[in-house]
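Student: The structure under discussion is supplied below as structure tokens; questions concerning it will follow.
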Amino acid sequence: MSIKSKIPIALLILLPALWASLFATEPVIITPERPSALAFPPGETVRYAAEFLRFHIEAATGKKLEIIPESEAERHPARIWIGNTRFAAKNLKEISFHPEELLIRSLGNDLILCGETTADGLDRGTLFAVYEYLERALGIRWFFADIPQLYPNGLGTEIPESNGLKLTGWDIREFPRCRQREGGISYYYEPAAVQKLWHPVLRFGSSRPHRNANHTQINWYNLYHQTHPEYFAKNAAGKTVFNTRLPHRNYICPGETGVLAQMIQNIADADAGKPPEKAWGPCPPEKNYVYFAFNDGMTLPKTCHCSTCIRLLRPDAPEAGQASELVFDFIRRYAEAIQIRWPERSLVTLAFHHYRKPPEKSAIPDNVNVTYVSKYMHYANHPDRWDEETSYIREWSRLLKNDPDRLRIWLNIVAPAQYTSQVPLFYPHLFRKWLRANLQYSDSYFINGLNPYLKRLNAAARRKAIATYPMVYLQSRLLWNPDADIDALLEDYTRKLYGPAGKTMREIYRIFCERWEKFAMQPDADEAGYIHSVRYPPDIIAQINALFAQAVSETEEDSVYRRRVELFRNHQWVPFMAEAGQPPDERGK
Ligand SMILES: [Zn+2]
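Numbering (numbering that gives the first Met the number 0), first residue to last: 0 to 588.
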């Protein structure tokens, strides 16, 4: 016998009414009849934004709001409208949005959370509106993603308890000033499940029409080393020596005419539906774009020295320009060949390593887009570094006809954290200064420092990446708004994340910041020596040790604040302190 049959019919009739009256004052979340697809996460619609909102409102207030379709909205007095509802379209009328813009607007007891939608109907703003509303209305913060494999869940998100939800009085529109805000997390290294965890923290996205170029020749060794050994770089003795251990570290000979012919043939084959396997690494050709970049690790000695190529190499020039003429002469010829067969296509490439300095001789055709790759932005507090890097960006902008759509910047922030030292590297004011100075040339940023996960390394190294969390958080805020108040953000970060130890942790970050930003390392300095004698001499080490001890003592045992202080102390500070105590030649190993 079912329970239902025991309940009097009259009560069954009354129950829905009782239910409705109990919750009559709670707002409902309204989704469109046909929810638009979101730009992120892949495969989701604005329904995902509604679920995200409901989950966090419940976590903060204990109240689980109903999500109902727009057709049933009529009978509810307080409503939150998500995404492409007819209600939003009717009430917002003529609004024209910036790319990825978010909107939060009250109309009496109705609250609209929506955003920009592309011409193809892809919603790029609503999820940002939901994040922004949760931050402002309930004080929720996503400071870093919760990665249960690395630390206990719940450490990176702060959800204060709250009694109510304010629907009235909102009128906010915001859009990201940088149109590309991407990095390792948001590119192709991490699966969508991990990207979802980071998205509220980083608010990554791009309204640019093409991807970043990356090293495209990684499978050429497998494809051609037997049939076409002449495609590959020769050393000064005219010989090709293959790297059989690391096949993706073999380099092509840009002077060999067969290489260019093969590339054009490969595009034609891809268009015909029979592309050679991984002939462009992670970046196959698209309708309007072809990607190219030499493989990673191509230093001057590994660059082709055949009788054709050597004429364009400049071994005696400063490193930044040693291969610029050779590389961009090849890029010019490749772009011209593309232009003849596919005038709708542009060639997207990198200015990297010893070819990052703009070429002086080779012309840059109009169908070339460049990503300038710098690994020195965070050292640009030294005036020589600043002048060199910003002059290259200025010159690239000029060569690309001052068209910001054709120039991007890749901040390849891998040293010293990845190679030399576990020094806390924290430079938010320098980052903001750089952004503001270079925005006129490019508003598109790809940042390896946005990859705090360092996927290619082992678990211990991934934990090391925890040291980059506060910088990554501030970076993402600055990419959205280069005028953001860094000190207010850091104040909010430390107060909310560390509770009673907030002031002490704020002081630690103030020192980290000062030791990086106020100490400008000479470009030719021995970095490990500089770190341990100038940036962090013993008295500073002792001072920070004492501050961490104080922060621990200010938090209750087993509290979330204690766990957060210990997370950063154990994974950021303790390894660096151990390094500081090592003999100089052991450091960084
Ligand atoms: Zn060559």
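Where a beta carbon is used, it is the ideal one built from N, C-alpha and C, also for glycine.
Note that this is a predicted model, so its numbers are computed, not measured.
Just how far apart, CA to CA, sit TYR288 and ILE266?
Tutor: 11 angstroms
Student: Could you tell me the alpha carbon to alpha carbon distance between LYS356 and ASN544, rounded to whole angstroms?
Tutor: 42 angstroms
Student: Compute the Euclidean distance between the alpha carbons of LEU312 and PHE327, then round it to the nearest angstrom.
Tutor: Looking at the backbone, the Cα of LEU312 and that of PHE327 are separated by about 11 angstroms.
Student: Just list the beta strand (DSSP E) runs in the region 105-177, keeping only unbroken ones of 3 residues or longer that don't cross its boundaries, in chain order.
Tutor: 109-114 and 170-173
Student: Could you work out which residue in GLU229, THR215, ALA334 and ASN234 is closest to ALA292 when comparing CA atoms only?
Tutor: THR215
Student: Per the DSSP calculation, ARG505 is bridged to which residue(s)?
Tutor: DSSP output for ARG505 lists no bridge partner at all.
Student: Do ILE139 and ALA49 count as a contact pair if the criterion is CB distance below 8 angstroms?
Tutor: Inclusion of ALA49 and ILE139 in the CB contact set at 8 angstroms is not warranted, their separation being larger than that value.
Student: Can you find at least 3 beta carbon pairs, one from the region 175-195 and one from the region 467-479, that sit closer than 8 angstroms?
Tutor: Output reads yes: the region 467-479 touches the region 175-195.
Student: Based on DSSP bridge pairs, tell me the residues matched to PRO68.
Tutor: THR30
Student: DSSP on ASN221, reduced to helix/strand/coil?
Tutor: helix
Student: Please go through the same chain and pick out, in chain order, the residues whose beta-carbon is closer than 6 angstroms to the beta-carbon of ARG494, but skip the five residues on each side of it.
Tutor: GLY501
Student: Under DSSP, the beta strand (DSSP E) around ALA350 begins and ends at which residues?
Tutor: 345-350
Student: Excluding sequence positions up to five away, which residues of its chain have a Cβ less than 7 angstroms from the Cβ of GLU115?
Tutor: Answer for GLU115: PHE96, HIS97, PRO98, GLU99, GLU100, ARG123 and GLY124, listed in chain order.
Student: Can you give the Cα-Cα distance for TRP515 and ARG509, rounded to whole angstroms?
Tutor: Distance from the CA of TRP515 to the CA of ARG509, rounded to the nearest whole angstrom, comes to 10 angstroms.
Student: Let's see if you can read the secondary structure: which residues bound the beta strand (DSSP E) around ASN368?
Tutor: Boundaries of the beta strand (DSSP E) around ASN368: 367-373.
Student: Flag THR307 as yes when its Cβ comes closer than 7 angstroms to any non-hydrogen atom of ligand 1, and as no otherwise.
Tutor: yes
Student: If you measure from the CB of ALA232, is any heavy atom of ligand 1 nearer than 7 angstroms?
Tutor: yes
Student: In chain order, which alpha helix (DSSP H) runs of at least 4 residues are fully inside the region 546-583?
Tutor: 559-567 and 573-579
Student: Give the range of the beta strand (DSSP E) segment to which VAL326 is assigned.
Tutor: No beta strand (DSSP E) holds VAL326; the alpha helix (DSSP H) holding it covers 323-340.
Student: Less than 6 angstroms between C-beta atoms, sequence neighbours within five positions excluded: which residues of the same chain meet that for GLU318?
Tutor: HIS353
Student: Would you tell me roughly how many angstroms separate the C-alpha atoms of HIS570 and LEU222, rounded to the nearest one?
Tutor: 42 angstroms
Student: Looking only at its chain, what residues have a beta carbon closer than 8 angstroms to the beta carbon of ASP170, apart from the 5 residues adjacent to it on each side?
Tutor: ILE103, ARG104 and SER105
Student: Around the Cβ of VAL240, are there at least 16 other Cβ atoms within 10 angstroms (buried) or fewer (exposed)?
Tutor: exposed
Student: Which value, in whole angstroms, describes the spacing of the CA atoms of PRO574 and ARG431?
Tutor: 28 angstroms
Student: Select from LEU137, PRO522, PRO190 and ALA519 the residue whose C-alpha is nearest the C-alpha of PRO40.
Tutor: PRO190
Student: Give a single yes or no on whether GLU229 has its beta carbon closer than 7 angstroms to a heavy atom of ligand 2.
Tutor: Absence of ligand 2 is noted for the structure shown, with ligand 1 being the only ligands found.
Student: Do you know how far the Cα of ARG563 is from the Cα of LEU149?
Tutor: 13 angstroms
Student: For the beta strand (DSSP E) containing SER443, name the first residue and the last one.
Tutor: 443-446
Student: When every heavy atom of ligand 1 is checked, does at least one fall within less than 7 angstroms of the C-beta of GLY257?
Tutor: Incorrect: GLY257 has no Cβ contact closer than 7 angstroms to ligand 1.
Student: From HIS531 to LEU398, what distance separates their C-alpha atoms?
Tutor: 41 angstroms
Student: With distance defined between alpha-carbon atoms, name the residue in ASN380, ILE339 and ILE408 nearest to HIS428.
Tutor: ASN380
Student: Does the beta-carbon distance from THR370 to ARG331 come in below 8 angstroms?
Tutor: no
Student: Roughly how many angstroms separate the alpha carbons of GLY204 and ASN366, rounded to a whole number?
Tutor: 24 angstroms
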